[in-house]
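Just so you know, we're using our numbering here: the sequence shown kicks off at 633 and counts up by one.
C-beta: ideal position from N, C-alpha, C; glycine also.
Structure first, then comments.
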Amino acid sequence: MKILLLIKDPLEAQGLKWLLTSQWNDVAVEITDQPNVLRTFQDAYLYIIDMDFISKEDVDLPAHALWLGISSDRTFQTVYQALTLKAEDVLFRPFPPERLLKQVQQIRFHWRNEKTDREQPLAQQQNSVSYEDLLIRDTIPQQPICMSLLAISDLEALDILVEKLKRYDFPAAFQVFPFSDHVLVIHRLSEMQPLHEAYRVFFSQWKGQSEALLTIYLYIADEEISYRAFYKKMRLFHERIFYDGYDILTQVEEDFQWKELDPFLSPIDQQKWIEMLEKQQLTNIREWLEYDFLTLEPPYPNPGMVRVRLTSILAQMRRYMMANSLQSSKLEQAYHALFNKTIQEPVMYHIIQSFITFSGELIRTSSDLYTSQDFDEKVRERILMNYWDSSWNLAACAEEMKIHKSTLSRKYAKEAGQSFRDTLLGIRIEQAQRLLKETDLTISEVAETSGFSHPAYFSKRFKEAVGRTPNEYRQS
């Protein structure tokens, strides 16, 4: 792009020339202090003119010329003259170099687009990519391309992102494809380094201009694949935001696939969650969640399977809430909000933090309720917390509650209408019934998980209580 500087001060003119030519390799700058040169110098795309010439001499600008004014006279008349002659802008000395570069960059962007339209209209039309190529057809690119996928934390700013991308001065021809929750950009690639640098600058500028966090994935396919297959890979990168989060710029070097994950809690995990909730072990809950989810490494499991696993934990929380009558309107609202966040929140880290917060609220509510409970309810809650431990008994419960075991036994039987021993056995039998119906655990494993030290003793007491053996009950 040719630029003509019509500047009186030769030192200022040389400084402006250096500033412009050091910034762009495709910019050529000529300097003059003679206004009549404008009549013969007709092939400049941009003119940068000292406003002193405009006010004191008859300056004959070429038709449809793009020009910027420079002046030391900060008056309305200077601005009016520039507007009358359709200047792009007026810069008043002293002005920061960045302001001039920004103006020239915008003009250069239009120049490059016009140049491409003039020189390669047919080739551009033939190489144009459509939404059909991305979603339906099996069109193979005729030259190397790079795809970038951009996603933001606030979808309200998506249209702003699209407009900034369309106006940005990337180093090669490109097309922008907006989707409902991300933007895809296709670049005709000659080399990667300038493009990566352009995105680094774009990423930095976005952070300075918007509160919405931006994530950018850059990817080049080594093999010849269709645009549709290429875009399918890019959608996988979009799903990876679940693990990576926002506010990153990364060039993906290789493909990836999701690994298998059993989304449901094992019986042992279920028992662990029952224990942590019953014993109100918030620290253990936090450590379990962080270890099970936040330490995941590539290859990652499918985010959908992780969400299902999280809903399995929600089911344990719901069971605890119902067993302990923790169903206040405030807690119910918090539970449903957590469920919705588990399904919809795009970043796993935020979901886990919400789980930890809700667990704390659940435990505080349970603790407040415990202080107002009757004696028999407190004892029964202790039993529910410890029934799985075959060595736990009346003496252990009395020690936890700081009461003599004979006093505990007598007071509980009077209030509950049932002995401590019968209540403990009944709860263990109930849990065994649930495990027999809901899991594939062996009889020995069911016995151990339910708090019985010997399978034979378990089978005997189970038949006495239920009227059938464990195997018969499972098959019924």
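Notebook entry, point to check: Just the Cα atoms here: how many angstroms apart are T771 and S858?
Noted result: It is roughly 5 Å from the alpha-carbon of T771 to the alpha-carbon of S858.
Next item on the list: Output the boundary residues of the alpha helix (DSSP H) element that contains E662.
Entry: Per DSSP, E662 belongs to no alpha helix (DSSP H); it is in the beta strand (DSSP E), 660 to 664.
Item checked: Local conformation of D786 per DSSP, three classes -> Note: D786 maps to coil in three-state DSSP.
Notebook entry, point to check: If S991 sits next to L1073, beta carbons under 8 Å apart, how far is it from one beta carbon to the other, in whole angstroms?
Noted result: In fact, because the Cβ distance is near 26 Å, the residues do not count as touching under 8 Å.
Item checked: T672, enclosing beta strand (DSSP E) - first and last residue -> Annotation for T672: no beta strand (DSSP E) segment contains it, and DSSP assigns it neither H nor E.
Notebook entry, point to check: Helix, strand or coil for R939 per DSSP?
Noted result: DSSP places R939 in helix when its eight states are reduced to three.
Check: Which value, in whole angstroms, describes the spacing of the CA atoms of S986 and E764?
Finding: So the two alpha carbons sit approximately 40 Å from each other.
Checklist line | Spatially closest choice to L636 from L643, S654, V659, Q655, by CA coordinates | finding: Closest by alpha carbon: V659.
Check: Using the rule of at least 16 other Cβ atoms within 10 Å of the residue's Cβ for burial, across every protein chain shown, is H696 buried or exposed?
Finding: Classification for H696: exposed.
Checklist line | Beta carbon of L850 nearer than 8 Å to that of H828 | finding: A contact, by the Cβ cut-off of 8 Å.
Next item on the list: Taking the CB atoms as reference points, tell me whether I818 and I777 lie closer together than 8 Å.
Entry: Closer than 8 Å, so yes.
Next item on the list: Could you work out which residue in E885, F1090, R872 is closest to I1059 when comparing CA atoms only?
Entry: The shortest Cα separation from I1059 among E885, F1090, R872 belongs to F1090.
Item checked: Span of the alpha helix (DSSP H) around S654 -> Looking at the DSSP string, the run of the alpha helix (DSSP H) that includes S654 is 642 to 655.
Margin query: Between L921, G936, E922, R918, which has its C-alpha nearest K891's C-alpha?
Written below: When each option's Cα is compared against that of K891, the closest is G936.
Checklist line | CA-to-CA distance, V940 to D924, given in whole angstroms | finding: When the Cα atoms are used, D924 and V940 turn out to be separated by approximately 14 Å.
Check: Would you say Y712 reaches chain D, if we count a Cβ-Cβ gap shorter than 8 Å as a contact?
Finding: In summary, chain D is missing from the structure at hand, where a single protein chain is found.
Notebook entry, point to check: Contact check, R881 vs Y831 under 8 Å by CB: the rounded distance?
Noted result: Per the sequence presented here, residue 881 reads as Leu, with Arg not at that position. Right, their Cβ atoms sit about 6 Å apart.
Item checked: Cβ-based neighbour list, L942, same chain, cut-off 6 Å, excluding 5 preceding and 5 following -> Around L942: T974.
Check: Would DSSP call V691 helix, strand or coil?
Finding: In this structure, V691 counts as coil in the three-state DSSP scheme.
Notebook entry, point to check: Where does the unbroken beta strand (DSSP E) through F806 begin, and where does it stop?
Noted result: In the DSSP annotation of this structure, the continuous segment of the beta strand (DSSP E) that includes F806 starts and ends at 806 to 810.
Checklist line | Within 8 Å, strictly: CB atoms of T847 and Y878 | finding: Yes.
Note to self: Taking contact to mean 3 or more Cβ pairs, one atom from each stretch, closer than 8 Å, check whether the stretch 653 to 668 and the stretch 703 to 713 are in contact.
What the structure shows: Touching, no.
Next item on the list: Flag this pair as yes or no: are the beta carbons of I1075 and P1102 separated by less than 8 Å?
Entry: Remark: C-beta atoms of I1075 and P1102 approach each other more closely than 8 Å.
Next item on the list: Using the Cα positions of M1033 and E1080, report the straight-line distance between them to the nearest angstrom.
Entry: Spanning the two alpha carbons is a distance of roughly 25 Å.
Checklist line | Bridge-paired residues (DSSP) for G701 | finding: Residue pairing for G701: DSSP places it in a beta bridge opposite I681, V722.
Check: From A861 to E871, what distance separates their C-alpha atoms?
Finding: Near 16 Å, if we compare the C-alpha coordinates of E871 and A861.
Next item on the list: Could you say which of K1010, F1052, M1017, E1047 lies nearest to L1026 if we only look at CA atoms?
Entry: Cα-wise, what sits closest to L1026 is F1052.
Check: How long is the line joining the alpha carbons of L1068 and V1078, rounded to whole angstroms?
Finding: If I take the Cα positions, the gap works out to 7 Å.
Note to self: Starting from Q883, trace the beta strand (DSSP E) in both directions and tell me its first and last residue.
What the structure shows: Residues 880 to 884.
Checklist line | Where K1010 sits in the DSSP three-state scheme | finding: In the structure shown, K1010 sits in a helix (DSSP, three-state: H, G or I).
Checklist line | Spatial neighbours of F809 in its chain, beta-carbon cut-off 6 Å, leaving aside the 5 residues before and after | finding: Within the same chain, Cβ atoms closer than 6 Å to the Cβ of F809 are found at L816, the five residues on either side in sequence being excluded.
Next item on the list: Quickly, what does DSSP pair H819 with across the bridge? List them, please.
Entry: Answer by DSSP bridge pairing, in chain order: C778, F806.
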